[in-house]
Amino acid sequence: MLNYSYGGDMFKKSFFLAICFAVTFTAFASEEASDTLKKYTLPSITVTSTRAIRGETPVPFSEISYSQFSPIYTTQDIPRLLSQMPSIITFSQSGNDIGYSNLTMRGFNQRRISVLINGIPQNDPEDHNVYWIDFPDFLPNVQQIQIQRGAGLNNYGQAAIGGSINFNTGNYLNKQGIKIFSGIGWQQFGYDDETKYHPNVSKFAVEFSSGLINNYAFYGRLSKINSLGYRNHSYAFLNSYFFSASRFDENLSTQINIFGGPLTDGLVYNGLPKDYIKDYKKRRLNLSYWEYDSTGKIVTFSVERRKQEIEEFSQPHYEILNEWKISSSLRFLSALFYYTGDGYFDYDASWADTNMLRLTSEYGYSLNANPTGTIFRAFVGNKQGGWIPRIVWTHGENELTAGLELRLHRSEHWGKIRYAELLPENYDPDSKVYSNNGVRDIFSAFAREKLVLNKQLSLFFEGQLTYQRYGLKNEKARDKYVYFKDINGNLVGGDKYLFDIKYLFFNPRLGVNYKLNSDINFFGFVAYTSREPRMHNLYRAEDSYFGAKPQFEFKQVGNEILFDFSKPISKPEKLLDIEFGTNLNLFNTIEANANIFYMDYKDELVKTGRLDIFGNPVEENIPKTR
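Under the numbering used here, the first residue of the sequence shown is numbered 177, with each subsequent residue one higher.
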C-alpha cells in the first residue's frame with residue numbers, strides 16, 4: 177500500500193510517504209457462503225439510543241465505514257481521518273498527524289464535542305477533553321463512525337454542543353484468519369537536498385479473528401507505531417491492543433472488550449511565531465516559550481524545549497455489552513464499563529523560584545538561591561466506572577426508548593521535582609509539591625418516543641434529566657493540608673471537601689421527519705442542552721504552587737479573602753439548537769445532504785486571550801453567542 181500526503185504551499189517540499197505490505201494467513205476453514213451463514217448481531221447500545229438512521233432520524237449526520245476509510249488509513253491520528261467529513265477542521269501538534277491532534281466541529285473545540293465508543297462516553301470527566309493520542313491505531317478495530325452535528329441524539333456523556341462522534345467497533349463474525357501488517361515511512365523536510373528522504377515512521381501490527389465457532393467469536397489485535405515527528409523532539413512511541421470475545425444465545429448476546437494504548441511521547445504543545453511557518457528550518461522548532469519585541473514582529477527571546485520533557489500514559493478500557501431480547505416487542509441493552517488512566521508528563525520549570533516550588537522555611541527548607549534547570553513531573557491517576565442500561569419497547573410502528581447513565585469518577589493529581597540543581601541537602605526527591613483528589617458523579621435518565629403518524633410523517637420527543645457533581649478534597653502543599661476560609665470565616669479543605677458543587681439540567685428535544693419518498697426526506701429538530709464548567713474553571717489546584725486560586729465568589733474582610741464555595745464564578749453553558757435539513761439518495765449511488773441551523777449559545781466560556789504556562793487559554797462566560 178502506498179500512501180502519499182501533500183500539504184499545499186506551506187509544505188510543498190515536505191510530504192509523508194509510506195510503503196506498507198500486508199500478509200494474510202488463513203488459519204481456519206474458508207468462510208461459509210453468505211446465504212448459509214447464520215446471522216448474528218453484536219450487542220450495541222448505540223443502535224437505539226444515539227445512532228441516527230438515514231431517512232428516519234431528524235438530525236444532521238454523516239457516516240464513514242471501515243470499507244471506506246481503510247484504503248487511506250496507515251498511521252494517522254483519528255482527527256486527520258475525520259477531517260474529510262463536513263464541518264470538521266483538525267491540526268497536529270507534532271506536524272505529521274501522529275501523536276497529539278485536535279479537531280473542531282462547527283468551530284467548537286473538542287471539549288464541546290461528545291465522543292463515544294460503542295455508546296460509552298470517552299471525554300475526560302474533569303477536563304471534558306478527548307486525548308486522541310490515547311487511542312493509537314484504534315481505527316482498524318472500528319466498523320463504522322457516525323458524526324452528528326449540533327446537539328443531536330446525545331443523551332449521555334459529555335454535552336454535545338458542536339456535535340458528537342460515535343465509534344462502533346467491528347462485527348468480526350465473517351472474518352477468520354491472521355493478518356500481519358508492517359510498514360515504514362519517509363519524510364522530505366525541504367531544507368536540505370530536495371531529493372533526500374528521512375525515515376521517521378514505522379508500524380507493525382498483527383490481527384487474529386476466529387469467526388463464529390459454536391456461538392462464540394474471538395478477536396485480537398496488537399500494534400506498535402513509532403514516529404519521530406515533523407517538529408523537533410515531537411516523537412511518539414505508541415502501542416495498542418484490542419481484545420474482544422462474544423457469545424450468542426437465542427435471545428441474549430454478550431460481548432467483552434478490552435483495549436488501550438500505552439504511550440511515550442515528547443512534549444510539543446506550544447505553537448510558533450507566525451513568520452516561522454515560511455522558513456523550512458524554523459517551522460520545525462519546538463519552543464517552550466517565545467516572545468516578540470515591542471513591534472510584535474521580531475522574536476527577541478525563545479527557549480527550545482528540553483529533551484527531558486516527555487509524557488508517559490496508559491488508559492486501559494474494560495467493557496461488557498449485553499443485548500437481551502425479552503419478547504418480540506421488548507429489548508434490554510446494557511453497557512458496563514471500567515476505565516483507568518495513569519501517567520505523567522515532565523516539563524521545564526526552570527522559571528520556578530523557591531516560593532513556587534515550596535522550598536521555603538515554611539516547609540522545612542532553607543535556600544539562598546533558586547534551583548536551576550528544574551524538570552517538574554505532573555502525575556494524574558483516573559478511575560472511572562459506570563453502567564448504561566437501555567430498554568426499547570416497540571408498540572405498533574412506534575418506539576419508546578428509556579435509559580439511565582450512572583458514572584463515578586475519581587482522580588489523583590500530584591506534582592514533584594523530577595530534577596533540579598541547587599536543591600537543599602535534606603530534600604526528599606519523593607516529596608510532592610502539591611497533591612489533591614478529584615470527585616465526579618454523573619447520573620442521568622432519559623425517555624424518547626418515536627411516533628409514526630403515517631407512512632410519511634413521524635415525530636420525535638425526548639426529555640433528559642442530568643445530575644452532575646464536582647468535588648475536590650485532600651489538597652496538600654508538600655505534606656501540609658491546604659485550607660481556605662469560607663464566606664462565614666470557617667476553615668474548609670484539608671482532608672475534607674474544599675468544595676462540593678452540584679448541577680441539575682433538563683434537556684428537551686423535539687423533531688419531525690417527512691419522508692417524501694424512499695429517496696428524499698425533510699426534517700426539523702429543536703434541542704436545548706446544557707454544559708457544566710470544567711474542574712479547571714472551578715479551581716486549578718495543580719497550578720496552586722504558582723498562584724492559582726479557587727474561582728468562586730468571594731469578599732475581602734481586612735486582609736482575609738472569604739470564599740463562597742457554593743457559588744462558582746463560571747456558569748453552565750446553555751444552547752438552543754434549531755436544525756432544518758434534507759437527505760437525498762440520487763440514482764441509488766449518490767447521497768447528498770443539505771442543512772441549515774441556528775444556534776443560540778448563552779454563557780459560553782470563551783478564551784480571554786490570556787494563557788497559562790502550558791499554553792491553555794483562560795476562559796470566562798459571555799452573555800450570548802450566535
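Ideal Cβ placement from N, Cα and C applies to all residues, glycine included.
Just so you know, these numbers come straight off a predicted model, no measurement behind them.
- Bridge pairing for Met281: Ile264, Phe284 [DSSP].
- Asn612 is positioned such that its CB atom lies closer than 7 Å to that of His589.
- Looking from the CA of Pro709, the closest CA among Asp300, Ser263, Arg227 belongs to Asp300.
- Judged by beta-carbon spacing, Phe728 lies beyond the 7 Å limit of Ile737, meaning their Cβ atoms are not closer than that value.
- Counting C-beta pairs with one atom in each stretch, the region 413–427 and the region 462–477 have fewer than three that are closer than 8 Å, which means they do not touch.
- Going by C-alpha positions, Asp695 is about 32 Å away from Ala335.
- DSSP places Pro565 in the strand class (E or B) of the three-state scheme.
- Scanning Gly275, Glu581, Gln320 for the CA closest to the CA of Phe237 turns up Gln320.
- Contact fails between the region 453–463 and the region 519–529, because fewer than three Cβ pairs, one in each stretch, are under 8 Å apart.
- Its Cα nearest to that of His304, the residue His585 stands out among Pro726, Gln640, His585.
- Non-local C-beta neighbours of Lys400 in its own chain, meaning closer than 6 Å and more than five positions away in sequence, comprise Phe380, Asn415, ordered along the chain.
- The continuous alpha helix (DSSP H) containing Leu714 extends over residues 711–714.
- Here Leu584 carries a strand assignment [DSSP, helix/strand/coil].
- For Leu627, no alpha helix (DSSP H) segment is defined; the enclosing uninterrupted segment is the beta strand (DSSP E) at 610–628.
- Annotation: Phe739 to Lys661 spans about 6 Å, alpha carbon to alpha carbon.
- Setting aside the 5 residues that flank it on each side, Leu512 is surrounded in the same chain by Ile496, Trp563, each with a C-beta closer than 7 Å to its C-beta; the list follows chain order.
- Close CB contacts of Lys626 within its chain, under the 7 Å cut and outside five residues either way in sequence, are with Asn574, Glu575, Ser634, Phe636 (chain order).
- Inclusion of Gly561 and Tyr514 in the CB contact set at 7 Å is warranted, their separation being smaller than that value.
- Taken atom to atom, the span from the alpha-carbon of Phe394 to that of Gly687 is near 40 Å.
- When Phe435, Ser464, Asn433 are compared, the shortest CA-CA separation from Leu443 is found for Ser464.
- In the DSSP annotation of this structure, the continuous segment of the alpha helix (DSSP H) that includes Gln244 starts and ends at 242–245.
- It is roughly 45 Å from the alpha-carbon of Ser290 to the alpha-carbon of Glu538.
- Positions of the beta strand (DSSP E) runs, each at least 3 residues long and wholly inside the region 504–540, are given as 506–524 in order along the chain.
- Leu315 carries a helical assignment under DSSP once its states are collapsed to helix, strand and coil.
- Scanning the region 702–744 from its first residue to its last, the whole alpha helix (DSSP H) runs of 4-plus residues come out as 711–714.
- Under the three-pair Cβ rule at 8 Å, the region 596–604 counts as touching the region 547–555.
- Taking one beta carbon from each stretch, the region 778–788 and the region 744–751 have 3 or more pairs nearer than 8 Å; the two touch.
- Restricting attention to beta strand (DSSP E) runs no shorter than 3 residues, the region 367–407 encloses them at 374–389, 392–403, ordered along the chain.
- In the DSSP assignment, Ile254 falls within the alpha helix (DSSP H) that extends over 254–258.
- In this structure, DSSP gives Asp451 a helical state, which the three-state scheme calls helix.
- Approximately 6 Å separates the beta-carbon atoms of Lys649 and Lys672; this is inside 8 Å, confirming the contact.
- With fewer than 16 other Cβ atoms from the protein chains shown falling within 10 Å of its own Cβ, Arg230 counts as exposed.
- DSSP lists Ser340 as the bridge partner or partners of Ser290.
- Gly275 places its beta carbon less than 7 Å from that of Ala412.
- The C-beta of Arg227 has 16 or more other C-beta atoms within 10 Å across all chains shown, which makes the residue buried.
- Within the DSSP secondary-structure output, Phe637 pairs in a beta bridge with Glu625, Leu686.
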